[in-house]
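K.L.:
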Amino acid sequence: MFSVVKKSKKSAARLTELKTRHGIIRGPFFMPVATKAAVKNISAEELVVLEPQIILSNTYHLMLAPGTPIIKRAGGLHAFMQWSGPILTDSGGFQVFSLSKFRKITEHGVQFADPSSGTRYLLPPEKSMTVQHELGVDIAMAFDDVIGYPAEYAAVEQAMQRTTRWAKRCIAHKKKIKAKYALFGIVQGGTHKQLRLESARELVKLNFDGYAIGGVAVGEPRNKMKNILNWTVAELPETKPRYLMGLGRPEEIVTAVQHGIDMFDCVIPTREARHGRLYIWKNPSPAPRQARGTLSRKGRGTREGTFYKTINITNAKFAKDFSPINQTNLKQYSKAYLHHLFKTQEPLAMRLATLHNLEFYLTLMADIRKNIQKGLL
RNA sequence: GGGUCGGUACUCAAGCGGUCAACGAGGGCUGACUGUAAAUCAGCUGGCUUUACGCCUACGGGGGUUCGAGUCCCUCCCGGCCCA
Numbered sequence: 034m035f036s037v038v039k040k041s042k043k044s045a046a047r048l049t050e051l052k053t054r055h056g057i058i059r060g061p062f063f064m065p066v067a068t069k070a071a072v073k074n075i076s077a078e079e080l081v082v083l084e085p086q087i088i089l090s091n092t093y094h095l096m097l098a099p100g101t102p103i104i105k106r107a108g109g110l111h112a113f114m115q116w117s118g119p120i121l122t123d124s125g126g127f128q129v130f131s132l133s134k135f136r137k138i139t140e141h142g143v144q145f146a147d148p149s150s151g152t153r154y155l156l157p158p159e160k161s162m163t164v165q166h167e168l169g170v171d172i173a174m175a176f177d178d179v180i181g182y183p184a185e186y187a188a189v190e191q192a193m194q195r196t197t198r199w200a201k202r203c204i205a206h207k208k209k210i211k212a213k214y215a216l217f218g219i220v221q222g223g224t225h226k227q228l229r230l231e232s233a234r235e236l237v238k239l240n241f242d243g244y245a246i247g248g249v250a251v252g253e254p255r256n257k258m259k260n261i262l263n264w265t266v267a268e269l270p271e272t273k274p275r276y277l278m279g280l281g282r283p284e285e286i287v288t289a290v291q292h293g294i295d296m297f298d299c300v301i302p303t304r305e306a307r308h309g310r311l312y313i314w315k316n317p318s319p320a321p322r323q324a325r326g327t328l329s330r331k332g333r334g335t336r337e338g339t340f341y342k343t344i345n346i347t348n349a350k351f352a353k354d355f356s357p358i359n360q361t362n363l364k365q366y367s368k369a370y371l372h373h374l375f376k377t378q379e380p381l382a383m384r385l386a387t388l389h390n391l392e393f394y395l396t397l398m399a400d401i402r403k404n405i406q407k408g409l410l
């Protein structure tokens, strides 16, 4: 179901193929985030045009609304949201972190209180496995205990070890319910080498279908990421997909690919689109062949890597900028027009910006694959 | 013509003698967003400057009272409503 098609000679980057019941995914790839069964602001038809290969949705949020009985009646998540490609769901583990104010962790599982209604939901690892099975997803994630940064070493260790114990329960329960999805384990351990190694080794013993690196970009200094990648990837089998969860900025993705990561997801392109930030190629014909330089920043405070920049389309200077938004899917619309749509709060603003940023991210991935193929990355 | 209520920063709108360059909202400007509680959140928004518990200019105009006035008094101008 998974194969490495080509290994780079310049880095740990690799071209991969992942077969799922809903299609083959060529890696390295990026999964647009559709937490609540929708990539915010765009329809399935608009999404398909962008060729994302696979999308990510969320167990916890779908369990709350509309709930699995409704999605089962609809014929599964694919039919419900009219997306016929592969779907990966996060287990709800990230909500242990992002909704930390509203949950209690016990060894049995996590109890969440819905912030809007106060309703309590119990989510043990087994429930997460069952829900993902009922959603009918292609790839399910193990239910993990995500801890933020900074945190006491002992707390990070405890969360990591609990993640391992829960991982075993996830595997066992998947077997019990005869779920057909591929199940990925998630390495935790914060910024500590010892803990990352222990986590990876224990999970590899369990023979998951793929391995994710979780608990990254949860507040730790950015320069820690490379270390985490180096330590962890070295422990993971070459024959299984590697997934860096929640990342990231374009240059972070390029770096991670060079460290041997195959899969990504991130809220950045869609969320920042809604907030008016657009990702722009510096060179109209994008070229991550300059990828080696992509981590160098122009200076303190600037976010740009060397091959792209970001703009805030709401800035006053774009009011009279009639240049096209991009050279591809929105070449007929000017920046001045998009600026106007944002300033007047027309819903079309967010839709166009989302289409633009996703196109950027998916083009980035396509170029990364091309460059690996050509031996440039 | 008489009566009455009101005129505050880009807009709306608090303010009822000092702690008011003036609450709040909108607008404007800028920034942040990394397995989405996120169409969200944060800062700035009279001028100047050594950006400071600093100096100017400001609450319709003018004149008073007072140590001190956006706040009290007189008067003029303008607007709403009521009566003629």
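All the letters of the first sequence, read from the start, carry residue numbers 34 to 410 under our numbering.
The C-beta atom is built at its ideal place from N, Cα and C for all residues, glycine as well.
Predicted model only: the values in this text are computed from it and were never measured.
#1: Output needed for residue 109: all residues of its chain with C-beta closer than 7 Å, excluding positions within five of it in sequence on either side, in chain order.
#2: Tell me which residue opens and which closes the beta strand (DSSP E) that residue 179 is part of.
#3: Taking three-plus beta-carbon pairs below 8 Å as touching, is the segment 206–224 in contact with the segment 301–314?
#4: With three or more beta-carbon pairs closer than 8 Å as the criterion, would you say the segment 231–246 touches the segment 264–280?
#5: Tell me the DSSP secondary structure of residue 221 in three-state form.
#6: Could you pull the start and end residues of the beta strand (DSSP E) that residue 400 belongs to?
#7: Looking at residue 295 and residue 61, is the spacing between their C-beta atoms short of 8 Å?
#8: Among 275, 291, 249, which residue has its Cα nearest to the Cα of residue 281?
#9: Please tell me whether residue 41 and residue 277 are closer than 8 Å, where the distance is taken between their beta carbons.
#10: Using 8 Å for Cβ pairs, my map puts residue 132 next to residue 145. What's the rounded Cβ distance?
#11: How is the beta strand (DSSP E) around residue 144 delimited, first residue to last?
#12: Evaluate residue 308 with the Cβ neighbour count: other Cβ atoms within 10 Å of its Cβ, from every protein chain shown; 16 or more gives buried, anything less gives exposed.
#13: Under three-state DSSP, which class holds residue 275?
#14: Would you call the segment 367–387 and the segment 253–261 in contact, with 3 or more CB pairs under 8 Å?
#15: Going by DSSP in three states, residue 332 sits in which element: helix, strand or coil?
#16: In angstroms with no decimal places, state the Cα-to-Cα distance between residue 157 and residue 124.
#17: Taking the C-alpha atoms as reference points, what is the distance between residue 356 and residue 316?
#18: For residue 88, name the three-state secondary structure that DSSP assigns.
#19: Work out the CA separation of residue 236 and residue 291 for me, nearest whole Å.
#20: If the criterion is Cβ atoms closer than 8 Å, does the pair residue 381 and residue 388 meet it?
#21: Hey, out of 385, 56, 49, whose CA is closest to residue 403's CA?
#22: Taking only heavy atoms of the ligand FAD into account, decide whether any of them is closer than 7 Å to the Cβ of residue 274.
#23: Using the beta-carbon count (16 or more within 10 Å), is residue 161 buried or exposed?
#24: If I follow the unbroken beta strand (DSSP E) through residue 74, where does it start and stop?
#25: When the distance is taken between beta carbons, is residue 228 closer than 8 Å to residue 189?
#26: I'd like to confirm the pairing. Which residues does DSSP put opposite residue 376 in its beta bridges?
#27: At the level of alpha carbons, what is the spacing between residue 130 and residue 285?
#28: For residue 350, does the count of other Cβ atoms within 10 angstroms reach 16, so buried, or fall short, so exposed?
#29: Going by DSSP, what residue range makes up the alpha helix (DSSP H) through residue 266?
#30: Just checking my contact of residue 87 with residue 118 at CB under 8 Å: how many whole Å lie between their CB atoms?
#31: So, under 8 Å CB-CB, residue 175 and residue 216 are touching, yes? Tell me the CB distance rounded to an integer number of Å.
#32: Tell me the DSSP secondary structure of residue 199 in three-state form.
#33: For residue 140, collect the residues of the same chain with a Cβ closer than 8 Å to its Cβ; drop the 5 residues on either side in sequence, then sort them by chain order.
#34: Would you mind giving the Cβ-Cβ distance between residue 239 and residue 210, rounded to the nearest angstrom? I have them listed as a contact below 8 Å.
P.N.:
Short version:
#1: The residue you call residue 109 lines up with position 76 of the first sequence. These residues qualify, in order along the chain: 168, 169.
#2: In the first sequence, the residue the question calls residue 179 occupies position 146. Taken as a continuous stretch (DSSP letters only), residue 179 belongs to no beta strand (DSSP E), as it is neither H nor E.
#3: Too few Cβ pairs lie closer than 8 Å, so no.
#4: With a cut-off of 8 Å, the segment 264–280 and the segment 231–246 count as touching, because enough Cβ pairs lie within range.
#5: Taking the first sequence and counting its residues from 1, the one referred to as residue 221 is at position 188. DSSP places residue 221 in the coil class of the three-state scheme, outside both helix and strand.
#6: Position 367 of the first sequence holds residue 400. Here residue 400 belongs to no beta strand (DSSP E); instead the alpha helix (DSSP H) covers 380–406.
#7: What you label residue 61 is simply residue 28 of the first sequence in a count that begins at 1. What you label residue 295 is simply residue 262 of the first sequence in a count that begins at 1. Contact flag set, yes.
#8: Sequence index remark: in the first sequence, residue 281 carries index 248 (1-based). When only C-alpha atoms are compared, the closest one is 249.
#9: In the first sequence, residue 41 corresponds to position 8, counting from 1. In the first sequence, residue 277 corresponds to position 244, counting from 1. At the C-beta level, residue 41 and residue 277 stay beyond 8 Å of one another.
#10: If you number the first sequence from 1, residue 132 lands on position 99. If you number the first sequence from 1, residue 145 lands on position 112. So it is a contact: roughly 6 Å between Cβ atoms.
#11: The count along the first sequence starts at 1 and reaches residue 144 at position 111. Here the beta strand (DSSP E) through residue 144 covers 143–146.
#12: By one-based count along the first sequence, residue 308 stands at place 275. Per the 10 Å Cβ criterion, exposed.
#13: What you label residue 275 is simply residue 242 of the first sequence in a count that begins at 1. The answer is strand: DSSP assigns residue 275 an E or B state.
#14: The segment 367–387, when compared against the segment 253–261, does not touch it at the 8 Å Cβ threshold.
#15: Your numbering for residue 332 matches position 299 in the first sequence. Below a pLDDT of 50, predicted positions are generally treated as unreliable, and residue 332, at 32, falls in that range; no measurement from the model is reported.
#16: As a working mapping, residue 157 is identified with position 124 in the first sequence. As a working mapping, residue 124 is identified with position 91 in the first sequence. About 10 Å.
#17: Here residue 356 is taken as the residue at index 323 of the first sequence, counted from 1. Here residue 316 is taken as the residue at index 283 of the first sequence, counted from 1. Each residue's Cα considered, the two are about 15 Å apart.
#18: In the first sequence, counting from the first residue as 1, residue 88 sits at position 55. Strand.
#19: Position 258 of the first sequence, counted from the first residue, corresponds to residue 291. Position 203 of the first sequence, counted from the first residue, corresponds to residue 236. If I take the Cα positions, the gap works out to 23 Å.
#20: Stepping through the first sequence from its first residue, residue 381 is reached at position 348. Stepping through the first sequence from its first residue, residue 388 is reached at position 355. Going by C-beta atoms, residue 381 is not nearer than 8 Å to residue 388.
#21: Position 370 of the first sequence, counting from 1, holds the residue named residue 403. With distances taken between Cα atoms, residue 403 lies closest to 49.
#22: Of the ligands one can find in the structure shown there are none, so the ligand FAD has no counterpart to examine.
#23: Numbered from its first residue, the first sequence carries residue 161 at position 128. Classification for residue 161: buried.
#24: By 1-based counting over the first sequence, the position of residue 74 is 41. Looking at the DSSP string, residue 74 is not in any beta strand (DSSP E), and its letter there is neither H nor E.
#25: As a working mapping, residue 189 is identified with position 156 in the first sequence. As a working mapping, residue 228 is identified with position 195 in the first sequence. Yes, the pair counts as a contact, with Cβ atoms nearer than the cut-off.
#26: Here the question's residue 376 lines up with position 343 in the first sequence. In DSSP, residue 376 forms no bridge with anything.
#27: For the purposes of this step, residue 130 is identified with residue 97 of the first sequence, where counting begins at 1. For the purposes of this step, residue 285 is identified with residue 252 of the first sequence, where counting begins at 1. One C-alpha to the other measures close to 22 Å.
#28: Position 317 of the first sequence, counted from the first residue, corresponds to residue 350. Using a 10 angstroms sphere on the CB of residue 350, the tally of other CB atoms stays under 16, which defines it as exposed.
#29: Working through the first sequence from its first residue, we reach residue 266 at position 233. Element bounds for residue 266: 257–266.
#30: By 1-based counting over the first sequence, the position of residue 87 is 54. By 1-based counting over the first sequence, the position of residue 118 is 85. Taking a contact as a CB-CB distance under 8 Å, the pair residue 87 and residue 118 counts as one, their CB atoms being some 6 Å apart.
#31: Taking the first residue of the first sequence as position 1, residue 175 is located at position 142. Taking the first residue of the first sequence as position 1, residue 216 is located at position 183. Cβ atoms of residue 175 and residue 216 come within 8 Å of each other, at about 6 Å.
#32: Against the first sequence, residue 199 aligns to sequence position 166. Residue state, collapsed to three classes: helix.
#33: Taking the first sequence and counting its residues from 1, the one referred to as residue 140 is at position 107. The answer, listed in chain order, is 195, 198.
#34: Counted from its first residue, the first sequence places residue 239 at position 206. Counted from its first residue, the first sequence places residue 210 at position 177. 17 Å between Cβ atoms; not a contact.
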